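Residue numbers (the numbering used here), protein chains in the order written: chain A, 1 to 307; chain B, 1 to 349. We put the CB at the ideal spot given by N, CA and C, even for glycine. This one's a predicted model, so the numbers in the text were calculated from it and none came from an experiment.
Right, dumping it as structure tokens:
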């Protein structure tokens, strides 16, 4: 049972990261390789707040949300927007996000060692698991991360389908050029998407230490799972990312766990191999992901032709 | 002495990185395949030496046991043999490069297959993901190349006295790099190279002329990864051990891309210039690491600063000089030259 709980927590975090990755991919057209390091920024922020002011990581989620959003907007405004204006290719933009990932990694490494130097505590590696408590008979992380997902989905649904901004946002996701002609400020929607992506990543990062140990390079390791979740979801659909996150999270945790029962504990370190295999199967069987499968297509076509 | 050491370091790293970046130039510079999994090919080359060559030598010498301990025994036995017979060292070198190239090419083909027919962003993501997973598996699994313990590799220069070894190896590395350079130059200055450039510019046009994009991509990945694997093998033979964690994505994927873009992609001279400038900068940073940290009173390792600097450099290149130091020149085959000449004569009349 504990394994299932852990799998759900992990999936919840992957969903947050996958939705963030997907939403910036839709608006800006670039897969963000810095998504993992953006999350680890949130982890270090929570750790710092806990160390300096004793703030419990659950309370620091709000700070993560705001500062993470700031990082996301910063990456877009200072790195990607100038390149997009020069009509850089997708690959150039991807290389730029790789560079951002490296810069973030450098900053995180430098920061963690500086902090260790100042506080005389081991801050390079850390984990929050001992600080977790019991909530309604479950680990608090399970309840809280699930609530955040539900809240996020409600807010996103309301925002996308019940507000004027949501209409503009969806329009610029479907066809940025056309939306621009119709008077939508595509720049606003892009800034918003990067804010949301950064803040969701940082929130996920703040909760990640409840599940695994954090080191500066953690971001470069989890990127495989994040991309697997997004690609299985289709890379262009928020709901796809939701489903993809659960598929990858559950298979990475549970499949590895059952394999380890059958084959011995040595298998446990190969969780990422499972994600990769799921990713490869998805690419071969359904390259457009879950959201691109035929069952949805007929419906969408009808909707298109009637409107 | 210090200067000599610095120069040798520059020469050796120039050789290794030149091979890697040339391979990337074939794949990304010419063919436009964004291979974000370059580190994987280099690691496969290291595996070819650490696993393949070691196992073969174990078989020949009749040494049994776990690869970590057995490779130590192989190393000490073979080192003695090489110190008496330099030709054996050369034989091991050639054999290592050969199987590294073969294994690298096979891995390149195998791992590009899932995404070979997809768009560039999917291709990049999948190759990066595969590279990360191969890295993690070889880091955890101690039976391939000893995981984080690593395995030993025979010293092919065991016949050279200790103080000259570095010099000999830098020379050897340079020789291999030069051969690879000539080969790549010859390979790309051909209809095949021009076809790759055409594919980079517009895949649909190439497809319309009856070329199969899928096959071209797979072929190019095989050649590129094969060459990159040779760099991994060469590095392993130099450091006389193989540890998976040295094939970190930053050093073997990001830095090659940085060098390629710095020098200018699509032309091999630019690549050489880019590699040279980068290696000079990097070795300078590595040598004066502690001085830099103490002068700036950094409370952290200078490696992190290096990451930040190179990341910023990449962004500056992408923004201010996307063509690199040496710009790619238009292709001038004799045929094109003749046509241009005819045209200019016509215009003169």
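task = Give the residues from the stretch 189-216 of chain B that approach chain A closer than 8 angstroms (Cβ to any Cβ), ordered along the chain.
result = Of all residues in the stretch 189-216 of chain B, none has a Cβ within less than 8 angstroms of some Cβ in chain A.
key: residue 284 (chain B): contacting residues in chain A (beta-carbon distance under 9 angstroms)   = Residue 284 (chain B) sits at position 284 when you count from the first residue of the second chain. By Cβ distance, chain A contributes nothing, its closest Cβ being about 18 angstroms from residue 284 (chain B), past 9 angstroms.
Own chain, CB closer than 8 angstroms to residue 8 (chain B), minus 5 neighbours either side, in chain order = Taking the second chain and counting its residues from 1, the one referred to as residue 8 (chain B) is at position 8. Result list for residue 8 (chain B): 166, 167 and 170, in chain order.
query = Using CA coordinates, which residue listed in B:233, B:240, B:195 and B:225 is at the minimum distance from residue 74 (chain B)?
reply = Taking the first residue of the second chain as position 1, residue 74 (chain B) is located at position 74. Closest by alpha carbon: B:240.
request  = List the residues that DSSP assigns as beta-bridge partners of residue 242 (chain B).
outcome  = As a first step, residue 242 (chain B) must be located in the second chain, where it is residue number 242. BP columns for residue 242 (chain B) point to B:151.
query = Within 8 angstroms (strictly less), CB to CB, does residue 322 (chain B) reach chain A?
reply = Counting from one through the second chain, the residue named residue 322 (chain B) turns up at place 322. Yes, contact with chain A.
ask   = Given that residue 227 (chain A) touches chain B, what residues does it touch there, using C-beta distances under 7 angstroms?
value = What you label residue 227 (chain A) is simply residue 227 of the first chain in a count that begins at 1. Here the neighbours are 125 and 129.
message = Against chain B, which members of the stretch 265-276 of chain A pass a CB distance test of less than 7 angstroms?
response = 269, 270, 272, 273 and 276
query = Closer than 7 angstroms: is that where the CB of residue 18 (chain A) sits relative to any heavy atom of the ligand SAM?
reply = Ligands are entirely absent from the displayed structure, and the ligand SAM is therefore not among its contents.
inquiry  = Can you look up residue 17 (chain B) in the DSSP assignment and give me helix, strand or coil?
reply    = Within the second chain, the letter at position 17 stands for residue 17 (chain B). In this structure, residue 17 (chain B) counts as helix in the three-state DSSP scheme.
ask   = So is residue 199 (chain B) buried or exposed if we call it buried at 16+ other beta carbons inside 10 Å?
value = In the second chain, counting from the first residue as 1, residue 199 (chain B) sits at position 199. It is buried - the Cβ of residue 199 (chain B) has at least 16 other Cβ atoms within 10 Å.
inquiry  = For residue 111 (chain A) and residue 38 (chain A), I'd like the C-alpha separation in whole angstroms.
reply    = In the first chain, counting from the first residue as 1, residue 111 (chain A) sits at position 111. In the first chain, counting from the first residue as 1, residue 38 (chain A) sits at position 38. Straight-line Cα distance between these residues: approximately 14 angstroms.
inquiry  = For a cutoff of 8 angstroms on Cβ pairs, would you count residue 47 (chain A) as touching chain B?
reply    = For this step, residue 47 (chain A) is matched to residue 47 along the first chain. No, no contact with chain B.
Contact check, residue 36 (chain A) vs residue 226 (chain A), beta carbons under 8 angstroms = Along the first chain, read from residue 1 onward, the residue named residue 36 (chain A) stands at position 36. Along the first chain, read from residue 1 onward, the residue named residue 226 (chain A) stands at position 226. The answer is yes: Cβ separation under 8 angstroms.
task = Using a Cβ-Cβ cut-off of less than 9 angstroms, list which residues of the stretch 122-139 of chain A approach chain B; keep chain order.
result = none
task = Could you work out which residue in B:186, B:137, B:311 and B:144 is closest to residue 350 (chain B) when comparing CA atoms only?
result = Here chain B has residues from 1 to 349 only, and residue 350 (chain B) is not among them.
query = If you draw a straight line from the alpha carbon of residue 208 (chain B) to that of residue 202 (chain B), how long is it in whole angstroms?
reply = As a working note, residue 208 (chain B) is residue 208 in the second chain. As a working note, residue 202 (chain B) is residue 202 in the second chain. Approximately 10 angstroms between the Cα atoms of the pair.
ask   = Does the stretch 254-274 of chain A come within contact of the stretch 282-292 of chain A, defined as at least 3 CB pairs closer than 8 angstroms?
value = no
ask   = What's the call for residue 131 (chain B), buried or exposed, on a 16-neighbour Cβ count within 10 Å?
value = Taking the first residue of the second chain as 1, we reach residue 131 (chain B) at position 131. Under the 10 Å beta carbon count, residue 131 (chain B) is surrounded by 16 or more other beta carbons and is classified as buried.
key: Any C-beta of chain A under 8 angstroms from that of residue 103 (chain B)   = Along the second chain, read from residue 1 onward, the residue named residue 103 (chain B) stands at position 103. Taking Cβ atoms only, chain A never reaches closer than 8 angstroms to residue 103 (chain B), which makes this a no.
query = Any chance the stretch 126-146 of chain B sits against the stretch 37-54 of chain B, with 3 or more Cβ pairs inside 8 angstroms?
reply = yes
inquiry  = Give me, in chain order, the residues of the same chain whose beta-carbon lies closer than 6 angstroms to that of residue 249 (chain B); leave out the 5 immediate sequence neighbours on both sides.
reply    = As a working note, residue 249 (chain B) is residue 249 in the second chain. Correct list, in chain order: 39.
ask   = Rounded to a whole number of angstroms, what is the C-alpha to C-alpha distance between residue 110 (chain B) and residue 219 (chain B)?
value = The sequence position of residue 110 (chain B) within the second chain is 110, counting from 1. The sequence position of residue 219 (chain B) within the second chain is 219, counting from 1. Their backbone Cα atoms lie some 11 angstroms apart in a straight line.
inquiry  = So, under 8 angstroms CB-CB, residue 237 (chain A) and residue 27 (chain A) are touching, yes? Tell me the CB distance rounded to an integer number of Å.
reply    = If you number the first chain from 1, residue 237 (chain A) lands on position 237. If you number the first chain from 1, residue 27 (chain A) lands on position 27. Incorrect: roughly 13 angstroms between the Cβ atoms, too far for contact.
ask   = Under three-state DSSP, which class holds residue 33 (chain B)?
value = Start at 1 with the first residue of the second chain, and residue 33 (chain B) comes out as number 33. Of the three classes helix, strand and coil, the one that applies to residue 33 (chain B) here is coil, per DSSP.
ask   = Per DSSP, which one or two residues make a beta bridge with residue 277 (chain A)?
value = Here residue 277 (chain A) is taken as the residue at index 277 of the first chain, counted from 1. DSSP, once it has assigned bridges, lists no residue as partnering residue 277 (chain A).
ask   = Do we get a CB-CB distance below 8 angstroms when we pair residue 310 (chain B) with the residues of chain A?
value = Reading the second chain from its first residue, position 310 is the one you call residue 310 (chain B). Proximity of residue 310 (chain B) to chain A, defined by a Cβ-Cβ separation below 8 angstroms, is satisfied.
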